[in-house]
Amino acid sequence: MENTLISGLKREDFQAVVQGKETDLYTLTNNNGMEVSITNYGGSIVAIMVPDKEGKMANVIQGHDCIQDCISSPEPFLSTLVGRYGNRICRGKFTLNGKEYNLKINNGPNHLHGGPTGFHARVWDAEQIGNNVLVLRYVSAYYEEGFPGELCMTVRYSLTDDDELVIDYRGTTNKKTIVNMTSHGFFSLTGIGTPTPSQLDCVLQINAYFYVPIDENSIPTGEILKVEGTPFDFRTPKPIGRDIAQDDVQLKHGAGYDHSFVLNKKEPGELSLAATLWEPASGRVMETWTTEPAVQFYSDNWADGYKGQHGATFGKYSGMCFEAQHFPDSPNHPHFPSCVLKPGEVYTQKTIYKFGVK
């Protein structure tokens with residue numbers, strides 16, 4: 096495997112001992128020649144090799160090419176798993192069973208994505224099953240980053256012959272806690288490059304009639320608003336860049352798109368199509384399917400051209416994120432779908448990224 100990856104990545108560059116555990120690079124393949132490479136440091140997806148309409152392969156997810164760069168990345172959540180709680184919690188505080196919990200603050204006044212040493216910065220136990228399945232396991236200790244309860248989390252990546260990367264989550268706890276897992280892929284359907292092009296010409300459709308507005312600290316106001324008549328209306332396909340520069344207070348709060356879209360569901364937990372992204376020049380298409388109630392669409396508003404894999408650079412708007420999850424700050428908004436997990440219950444989530452061309 097060492098020198099035969101289409102991505103040009105070398106397995107040995109990801110092999111180290113971190114936090115007393117061995118890190119490695121695991122590569123999944125399917126019968127169509129698609130290739131997905133993942134490291135067990137943070138569950139980071141470092142390569143997704145798919146063809147364009149001419150059959151030319153390129154890596155369509157942003158990542159690094161060695162374990163040291165993953166650890167010290169300027170973007171700590173670059174295409175990693177996120178937990179125990181994806182997105183923001185206001186002032187890092189929430190109340191459960193009448194007790195207030197205080198989480199680590201790592202995003203202005205807020206807790207973001209599980210904190211500075213959340214699941215993105217942990218070495219997971221890994222088991223590859225055949226050519227197309229990788230299982231990662233991690234036990235999050237009681238009070239890790241301030242969260243109650245010990246959480247046992249399993250994440251399974253499967254690559255199907257339908258060119259789908261399927262991510263299945265399963266978690267249990269010994270004490271009531273909150274869980275909101277996601278995968279924070281930064282997708283560049285043009286293929287990453289030097290520099291990686293802006294993705295604002297990509298055409299996006301989101302299956303949502305409503306979105307969650309935020310305040311100046313990116314915390315939900317508690318409202319659920321219609322997308323109709325706003326820059327957040329992706330009910331019919333449109334280029335991402337069409338409305339991103341509009342004089343809109345919500346776009347200012349997010350410095351672009353960084354909002355939770357309330358997915359249209361026939362019933363809670365239904366696996367349904369959340370978003371379709373099409374890059375016209377290459378013809379590449381990516382569909383996001385999920386059982387989650389929302390998808391956070393983030394248009395990579397803060398990247399500054401930092402270096403990634405094989406010298407590629409990642410600038411503003413160069414990677415589009417579709418983070419399937421519950422709403423931000425849910426523990427502090429009782430009318431949002433609950434993210435509480437109790438002993439005896441099983442947390443489950445399924446998200447699929449399906450690739451094709453048109």
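The numbering of the sequence shown is the working numbering, which starts it at 96 and goes up by one. Cβ atoms here follow ideal geometry from the backbone N, Cα and C, with glycine treated the same way.
{"Asked": "Neighbourhood of Ser102 by C-beta distance below 7 Å, restricted to the same chain and skipping five residues each side", "Found": "Glu130, Ser132, Ala142, Met144 and Asn154"}
{"Asked": "Cβ contact check for the region 404-411 and the region 428-443: 3 or more pairs under 8 Å", "Found": "no"}
{"Asked": "Span of the beta strand (DSSP E), counted from its first residue to its last, around Lys449", "Found": "Tyr442 to Val452"}
{"Asked": "Per-residue burial, Val344 [other beta carbons within 10 Å of its own, 16 or more giving buried]", "Found": "exposed"}
{"Asked": "Segment contact flag, the region 419-428 with the region 387-394, C-beta cutoff 8 Å, min 3 pairs", "Found": "yes"}
{"Asked": "Three-way DSSP call (helix, strand, coil) for Cys416 in this model", "Found": "strand"}
{"Asked": "Segment limits, beta strand (DSSP E) that includes His348", "Found": "Not the beta strand (DSSP E): His348 falls in the alpha helix (DSSP H), residues Val344 to Gly349."}
{"Asked": "Residue environment, Thr289, which counts as buried when at least 16 other CB atoms sit within 10 Å", "Found": "exposed"}
{"Asked": "Rounded distance between the beta-carbons of Met276 and Val177, thought under 8 Å", "Found": "7 Å"}
{"Asked": "Reference Pro334; option with closest CA among Pro146, Glu240, Glu239 and Cys297", "Found": "Cys297"}
{"Asked": "Three-way DSSP call (helix, strand, coil) for Cys165 in this model", "Found": "helix"}
{"Asked": "Rounded straight-line distance, which links the Cα of Asp257 to that of Ser313", "Found": "37 Å"}
{"Asked": "Beta-bridge partners of Phe305, as assigned by DSSP", "Found": "Lys321 and Val357"}
{"Asked": "Contact check, Ile166 vs Phe282, beta carbons under 8 Å", "Found": "no"}
{"Asked": "Cβ shell of Phe172 (< 6 Å), same chain only, five flanking positions each side left out", "Found": "His208, His215 and His279"}
{"Asked": "Rounded straight-line distance, which links the Cα of Ser174 to that of Glu240", "Found": "21 Å"}
{"Asked": "Element boundaries [beta strand (DSSP E), containing Thr383]", "Found": "Arg379 to Thr385"}
{"Asked": "Supposed contact pair Leu100 and Thr122 - C-beta distance, whole angstroms, cut 8 Å", "Found": "6 Å"}
{"Asked": "Integer-rounded CB distance, given that Tyr237 should sit under 8 Å from Glu245", "Found": "5 Å"}
{"Asked": "Beta carbon proximity, Leu229 to chain D, threshold 8 Å", "Found": "Absent from the structure: chain D. Only one protein chain is present."}
{"Asked": "Presumed contact (8 Å Cβ cut-off) between Phe254 and Asn125, rounded CB distance", "Found": "In the sequence under discussion, the amino acid at residue 254 is Leu, which differs from the Phe named in the question. 5 Å between Cβ atoms; contact."}
{"Asked": "DSSP state of Gln300 mapped onto helix, strand, coil", "Found": "strand"}
{"Asked": "Per-residue burial, Asn269 [other beta carbons within 10 Å of its own, 16 or more giving buried]", "Found": "exposed"}
{"Asked": "Within 8 Å, strictly: CB atoms of His428 and Gly317", "Found": "yes"}
{"Asked": "Within the region 200-268, ranges of the beta strand (DSSP E) (whole runs, at least 3 residues)", "Found": "220-224, 228-235, 246-254 and 259-268"}
{"Asked": "Where Thr291 falls, given that 16 or more other Cβ within 10 Å makes a residue buried", "Found": "buried"}
{"Asked": "Rounded C-alpha distance that separates Leu229 from Tyr448", "Found": "16 Å"}
{"Asked": "Coarse secondary structure for Phe189, derived from DSSP in three states", "Found": "strand"}
{"Asked": "C-alpha gap between Ala407 and Tyr401, whole angstroms", "Found": "8 Å"}
{"Asked": "Burial state of Gln294, where buried means 16 or more other Cβ atoms lie within 10 Å", "Found": "buried"}
{"Asked": "Exposure of Val307, with buried meaning 16 or more beta-carbon neighbours within 10 Å", "Found": "buried"}
{"Asked": "Proximity winner among Thr212, Thr385 and Ser394, relative to Gln444 (alpha-carbon distances)", "Found": "Thr385"}
{"Asked": "Exposure label - Trp219; buried when at least 16 CB within 10 Å", "Found": "buried"}
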